[in-house]
Amino acid sequence: MERSNLLPRPATIVDIRQLTDKEKLFTIRINDGGSIRYRPCQFVIFSIFGIGEAPISITSSPLDSEETIELCIRSAGNLTGAIHKLSLNDRIGIRGPFGNGFPLERIDGKDILIVAGGLGLAPLRSLINYIIHHRWKYGKVTILIGAKRPQDILFKEEVLRWEDDSSIETFIAVDLAETNWTRHVGVITGLFKYIDVDPLNTIAAVVGPPVMYRFVVAELLAKGIFEGNIFMSFERRMRCGIGKCGHCQINGIYLCQNGPVLSYRDARKLQEAL
Amino acid sequence: MDAVIEYGDVGKFILELLNDYDVIAPVEKDNRYIFEQVDDPSKIVHNYDTTILPPVKWIYPNNEVLLRFKLSDLTEVKPVNAFRNQVLLFVHPCDINAINIMDEILAEEPADTNYLARRRSSIIIGYDCACPCRENILCFDKGYHKADKGFDIFFTDLGNRFFVSTATDIGKTIVEKSNAFSKAGYSDKTGLTKTNWERDSAFKKKIHGDINRLSHVLKDEYEDAVWEVEGKKCLSCGACVIVCPTCYCFDVVDEVCPDMETGLRYRRWDGCQIQDFCLVASGENFRDSAAERVRHRVFKKEVYLKKRFGRSGCVGCGRCIEHCIADISIIDIFNHVMERKKGHGEI
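Protein chains in written order, with this note's numbering: chain A, 1 to 274; chain B, 1001 to 1347.
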């Protein structure tokens, strides 16, 4: 029998945590005993047999484990709604990892500025934990996090740990807050006034809702960061992950193969990207 | 190997094929033509114009099952990728060239393994076009009105019998095994040269200007008003992409059988002209207007595929024009942008 590039690997749900009222964290173990190696900002295609498939970015760091991955999933559609109803030990399918992931080879010795809006923290958490693991390899590390309300902040305990960690700077903004909220209130771009950037040595990683990119990129460029040093991860509909089904195409590129991470310098040339 | 076959012996040859293969051939349906699996050679027509759907759809079928599974035992999810051998009979050069393009795109790693498995089980017998089949075609402009590869066996009508050439080992074996053929003589070979020459002079160019410049010209016209104009006409029905012999976009769907136990995953044709093609769960639609979608279809064939593979992804068969109920014509679009450039004195 010939191989199939559309055949998922069997996998099992080994842990489920409720993160917010809309997001859950799933830990997945690959059943075939093999490992799953990936880069931050790569994604897998999650299958529930009988329901369907959807692309989900990996939120664990590749240094955490080779047998399991963590996926932070918002209940938003048919499949993700069904994923939220899954229980421990349920069998699912995983294809991938797909995509280019974050260009780790370009960031050694650099200052890293991470800008995470909403669910964008899910893929960026993979990068943040990867960087923290090798903290000595990088210059200044700054994390900007935006959320709608304080209770919508993902991975709250970890975010608080990052805030307390003297080797990184973390700033949080929420759009709406009760009076006891002591951090920034407003959109994520409001955090840029708190940070100091060395434009010659800074790599920025930006993931968030599509509307966020234009405003954040304007701030980054205003700080003097080079277009080629700003990396963004894009979200599109995807069906195959192998550059064929056509759904994730942005002008001439297939995001599942040539993305989801693009530098602003490359994305700017694609009229359909931003 | 060069051979000839008398008109009266073709039926005998097809009966031989039917012993070993599923035979997919052009037949008449409601005054049009379609490729259909046949078991009666007399139903087959060879002097057809263009079929509604291209023959490549037999290698890339709609609702193709990808996986089968049992909900009670998910340790065994089985891919479906073993297929019966089939012959695609009397395929026109434009459609052979389309298969060549599909092969190149879908074999690129990570490959479309289902397509490749079906492609390997398919034998292609080409049939030459002596003259243009219809008005709105641009195969000649693109040089796709003839095929020099992508077939196993090729038939050319000499006026008194068929000239038969073979291009692959399997094609040669099939012809040699059959006793319906005889060796081509000198007059058959000169007849072939004459027929090919007459064919080339029977076609006329449709595109104003140098077609090799089309990709460059289009790139400059990304913001042209023509996309809004054509987008206003477009009904987003997707007919153009469903009949296109080089469109391969798909959606993946799961289905559980009524026994609530067995299930299957299949893919169905999808198309970039459909309104929700780029809609994501958050509600964002990344190609929301018909103008953007029409432009994407044209750019995909003429700019993006050309950049990746060095040749246009449109073979000029004209099906998208014929089946568009809103009268959108890529010939008109191409000529519009070429004329605009000419008006600017740039070509």
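We put the CB at the ideal spot given by N, CA and C, even for glycine.
Just so you know, these numbers come straight off a predicted model, no measurement behind them.
Closest by C-alpha distance to residue i, when choosing among the options
i: residue 1329(B); options: 1079(B), 1261(B) and 1226(B); result: 1226(B)
i: residue 1224(B); options: 1341(B), 1073(B) and 1041(B); result: 1341(B)
i: residue 231(A); options: 274(A), 162(A) and 14(A); result: 274(A)
i: residue 31(A); options: 102(A), 132(A), 97(A) and 10(A); result: 10(A)
i: residue 1264(B); options: 1065(B), 1021(B) and 1053(B); result: 1065(B)
i: residue 141(A); options: 181(A), 109(A), 147(A) and 160(A); result: 109(A)
i: residue 107(A); options: 201(A), 165(A) and 36(A); result: 201(A)
i: residue 1189(B); options: 1092(B), 1205(B), 1159(B) and 1201(B); result: 1159(B)
i: residue 1272(B); options: 1234(B), 1210(B) and 1209(B); result: 1234(B)
i: residue 209(A); options: 28(A), 115(A), 82(A) and 75(A); result: 115(A)
i: residue 105(A); options: 137(A), 99(A) and 126(A); result: 137(A)
i: residue 243(A); options: 235(A), 259(A) and 234(A); result: 259(A)
i: residue 1230(B); options: 1344(B), 1307(B) and 1293(B); result: 1293(B)
i: residue 1255(B); options: 1115(B), 1048(B), 1063(B) and 1009(B); result: 1063(B)
i: residue 117(A); options: 191(A), 84(A), 55(A) and 135(A); result: 191(A)
i: residue 22(A); options: 65(A), 119(A) and 14(A); result: 119(A)
i: residue 149(A); options: 184(A), 205(A) and 263(A); result: 184(A)
i: residue 167(A); options: 143(A), 235(A) and 26(A); result: 143(A)
i: residue 1173(B); options: 1153(B), 1092(B), 1157(B) and 1239(B); result: 1153(B)
Buried or exposed (CB count within 10 angstroms, at least 16 for buried), residue i
i: residue 1117(B); result: buried
i: residue 179(A); result: exposed
i: residue 247(A); result: buried
i: residue 176(A); result: exposed
i: residue 18(A); result: exposed
i: residue 1019(B); result: exposed
i: residue 174(A); result: buried
i: residue 1135(B); result: exposed
i: residue 254(A); result: buried
i: residue 229(A); result: buried
i: residue 1333(B); result: buried
i: residue 1297(B); result: buried
i: residue 194(A); result: exposed
i: residue 1(A); result: Model confidence at residue 1(A) stands at a pLDDT of 48, short of 50, so the residue's coordinates are unreliable; what they give is reported in the following sentence. It counts as exposed.
i: residue 1322(B); result: buried
i: residue 157(A); result: exposed
For residue j and residue i, believed in contact at Cβ under 8 Å, the rounded distance
i: residue 46(A); j: residue 57(A); result: Rounded, the Cβ-Cβ distance is 10 Å, inconsistent with contact.
i: residue 1163(B); j: residue 1192(B); result: 5 Å
i: residue 1050(B); j: residue 1320(B); result: Contact flag wrong, Cβ pair sits at about 11 Å.
i: residue 1348(B); j: residue 1044(B); result: Residue 1348(B) lies beyond the stretch modelled for chain B, which goes from 1001 to 1347, so this question has no answer here.
i: residue 1248(B); j: residue 1067(B); result: Not really, about 19 Å apart at Cβ, beyond 8 Å.
i: residue 1253(B); j: residue 1268(B); result: 6 Å
i: residue 1304(B); j: residue 252(A); result: 4 Å
i: residue 162(A); j: residue 170(A); result: 4 Å
i: residue 60(A); j: residue 73(A); result: Not a contact, Cβ separation roughly 13 Å.
i: residue 94(A); j: residue 8(A); result: 6 Å
i: residue 1003(B); j: residue 1183(B); result: 6 Å
i: residue 1130(B); j: residue 1097(B); result: Incorrect: roughly 17 Å between the Cβ atoms, too far for contact.
i: residue 1324(B); j: residue 1246(B); result: Not quite, the Cβ-Cβ distance comes to about 17 Å (not below 8 Å), so this is no contact.
i: residue 1262(B); j: residue 1078(B); result: Actually they are not in contact, since the Cβ atoms of residue 1262(B) and residue 1078(B) sit about 11 Å apart, beyond 8 Å.
First and last residue of the uninterrupted alpha helix (DSSP H) at residue i
i: residue 958(B); result: Look at the range of chain B in this structure, 1001 to 1347, and you will see that residue 958(B) is not part of it.
i: residue 192(A); result: Taken as a continuous stretch (DSSP letters only), residue 192(A) belongs to no alpha helix (DSSP H), as it is neither H nor E.
i: residue 1205(B); result: No alpha helix (DSSP H) holds residue 1205(B); DSSP gives it neither H nor E.
i: residue 1012(B); result: 1010–1020
i: residue 257(A); result: 255–258
i: residue 1294(B); result: 1290–1299
i: residue 264(A); result: 264–267
i: residue 1215(B); result: 1214–1220
Unbroken beta strand (DSSP E) run spanning residue i, endpoints
i: residue 1002(B); result: 1002–1005
i: residue 1253(B); result: 1250–1256
i: residue 182(A); result: That residue, residue 182(A), is in no beta strand (DSSP E); it is neither H nor E in DSSP.
i: residue 24(A); result: 23–30
i: residue 81(A); result: Premise fails: residue 81(A) lies in the alpha helix (DSSP H), 78–84, not in any beta strand (DSSP E).
i: residue 1338(B); result: Per DSSP, residue 1338(B) belongs to no beta strand (DSSP E); it is in the alpha helix (DSSP H), 1330–1343.
i: residue 72(A); result: 68–74
i: residue 1181(B); result: 1181–1183
i: residue 57(A); result: 52–57
i: residue 206(A); result: 202–207
i: residue 220(A); result: Premise fails: residue 220(A) lies in the alpha helix (DSSP H), 210–222, not in any beta strand (DSSP E).
Name, going along the chain, the residues of the region 42–68 of chain A whose beta-carbon falls closer than 9 Å to a beta-carbon of chain B.
47, 48, 49, 50, 51, 52, 53 and 54
Taking beta-carbon pairs under 9 Å, can you tell me which members of the region 1289–1323 of chain B lie near chain A?
1292, 1296, 1299, 1300, 1303, 1304, 1305, 1307 and 1308
Taking Cβ-Cβ distances below 9 Å as the criterion, which residues of the region 137–170 of chain A are in contact with chain B?
none
What residues from the region 174–188 of chain A come within 9 Å of chain B, judged by C-beta to C-beta, listed N to C?
none
At a CB distance below 7 Å, what residues from the region 1053–1084 of chain B approach chain A? Give them in sequence order.
1066, 1067, 1069, 1071, 1074, 1075, 1077, 1079, 1081 and 1082
Where the region 1112–1128 of chain B meets chain A: residues whose CB sits under 8 Å from a CB there
1112, 1113, 1114, 1116 and 1117
Given a limit of 9 Å on CB to CB distance, which residues of the region 20–39 of chain A reach chain B?
31
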